[in-house]
Every structure is written in C-alpha cells, then in structure tokens.
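Residue numbers (the working numbering), protein chains in the order written: chain A, 1 to 116; chain B, 117 to 229.
Even glycine gets a Cβ: it sits at the ideal position worked out from N, Cα and C.
Pasting the structure below:
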C-alpha cells in the first residue's frame, strides 16, 4: 500500500520569504504525484502534478515541485511567498499499477501561514 | 459545468440519527470518492467507486455506506450517527484509473451531538 508523509505540520513565513514543503511517499512502483491547496473555507484545488518526464514541474501561482525518485520525494517550492498563499497544502500519491491505482492517498497536510 | 456538487453544506445530527450526503458530478467521470477531513489528519478515504454498480471500501469505511446506481451520483449514508463522525466530508471524482487529477466538491460539514 502507498503512504505519504508531510513532516511540516505548520509553517510560518513572512512575505517574500522562500518556501519549501517536504513530501515523501512510500511505494515501490511508478507513481503519479500531486500537490493540492486548500484556501480557508474552500475545497481542495490542484496546484501541480507529475505524471512523467521532466521531474521539475511548474504549477499555478508560481509554485513548482521536484520529483526525486531516489529519495521518494516531491517537495513543493516557491521563491517568494505572498500573504494570499496562506492555506493548507496536501501532497498526494497515486500508484500507476495494481489495485491501489484506484486510490489517491493524501498526506496529513501542512498549514502555511504567511505574515504580511 | 458545475463540476462536483455536494449537499448539504452544513448539517447537525443527534447521536443515532441517520442521513445521506449527496454528491453529483457532471463530467462523466467513472471514478468517485468520499473523503473525510479531520484537523491535522489530512484526508482519509471512506469509500470509492470505479463505475456504476461498483463500490469499494477505503481506509475508514465503518459507519458508512455508499451506492452508485448512476455514473453521476455517489451518495454517502451515515447510519446511527456517532460523535466520531463529526468531520468535513469531501466528494471527489476523476476520469479513470491513474488518469488525471481529482476534482473536489465544496465539502459538507457534519456535526454529531
């Protein structure tokens, strides 16, 4: 079975600071990887995704993530955060084969607070 | 397109009552999911469906039931509500296995007193 770990539960940054949120997964096969964002009071929205190809993927609002297969990691980055980035961020993994391919497994989330 | 629509948005139940959370999608997606979200716990999969007439348990199915009579609808039923079922419930859908992103509904906040 696949699992996802997000080790940072709450991150507090000042505006213009750089951001990196960690995500590690456990699964031996090929995976699709996602980052979702949940703004206060809203539903989850896709930030970016990795299926194959270039391991550095760019998403909306200046976010990017790098897939490092050897480290089973898919860390989210942004060079300069804004107050409007305050939200909860979820990493998710979907195995490409076997029965677990039907399921998307989420990490426990990282709450990002950006101070103006 | 409306995407994924959930009703109701808010509901308060008494212990032992039952109710159904409705979920409908208009994107002709085969796969549909129910998650619950608890603070600090992320999203836990309750049930999912890969097509009409097919459902399967997720990580936390106890106390819930689902049905999938049509491609569009995937209701979640709570029988004998318990305080432990106080949570925010999200319905989601996607086109198929290993394909594409999940599209989420706006959530249903349920409180059991």
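Which residues in the same chain as residue i place their Cβ atom closer than 7 Å to its Cβ, once the five residues preceding and following it in sequence are excluded?
i: residue 170/B; result: 184
i: residue 153/B; result: 159, 203, 204, 206
What's the C-alpha gap between residue i and residue j?
i: residue 202/B; j: residue 175/B; result: 17 Å
i: residue 36/A; j: residue 134/B; result: 31 Å
i: residue 80/A; j: residue 12/A; result: 13 Å
i: residue 158/B; j: residue 151/B; result: 10 Å
i: residue 65/A; j: residue 17/A; result: 17 Å
i: residue 43/A; j: residue 23/A; result: 21 Å
i: residue 147/B; j: residue 167/B; result: 6 Å
i: residue 189/B; j: residue 138/B; result: 8 Å
i: residue 221/B; j: residue 115/A; result: 29 Å
i: residue 7/A; j: residue 52/A; result: 25 Å
i: residue 60/A; j: residue 21/A; result: 16 Å
i: residue 109/A; j: residue 155/B; result: 9 Å
i: residue 112/A; j: residue 192/B; result: 31 Å
i: residue 55/A; j: residue 195/B; result: 45 Å
i: residue 172/B; j: residue 39/A; result: 30 Å
i: residue 88/A; j: residue 216/B; result: 21 Å
Return the chain-ordered list of same chain residues with a C-beta closer than 6 Å to the C-beta of residue i, the five sequence neighbours on each side being excluded.
i: residue 2/A; result: 27, 93, 95, 100, 105
i: residue 34/A; result: 49, 92
i: residue 132/B; result: 196
Can you list, in chain order, the residues of its chain with a C-beta nearer than 8 Å to that of residue i? Leave out the 5 residues immediately preceding and following it.
i: residue 219/B; result: 119, 120, 141, 143, 145, 208, 209, 210
i: residue 130/B; result: 197, 228, 229
i: residue 178/B; result: none
i: residue 161/B; result: 149, 150, 151, 174, 175, 176
Go to residue i, then tell me how far its beta strand (DSSP E) extends in each direction, as first and last residue.
i: residue 32/A; result: 31-38
i: residue 206/B; result: 203-210
i: residue 81/A; result: No beta strand (DSSP E) holds residue 81/A; DSSP gives it neither H nor E.
i: residue 182/B; result: 180-182
i: residue 124/A; result: Outside the displayed span of chain A (1 to 116) sits residue 124/A, for which this structure offers no information.
i: residue 123/B; result: 120-123
i: residue 162/B; result: 158-167
Residues of the region 214-229 of chain B in Cβ contact with chain A at a cutoff of 7 Å, in chain order, please.
Cβ contacts with chain A: 214, 217, 218, 220, 221, 222, 223.
Short-range partners of chain B found in the region 62-80 of chain A, where Cβ spacing is below 9 Å
Of all residues in the region 62-80 of chain A, none comes within less than 9 Å of chain B when Cβ atoms are compared.
Taking Cβ-Cβ distances below 7 Å as the criterion, which residues of the region 103-114 of chain A are in contact with chain B?
In summary, the residues of the region 103-114 of chain A whose CB is separated from some CB of chain B by less than 7 Å are 103, 104, 106, 107, 108, 109, in the order they occur in the chain.
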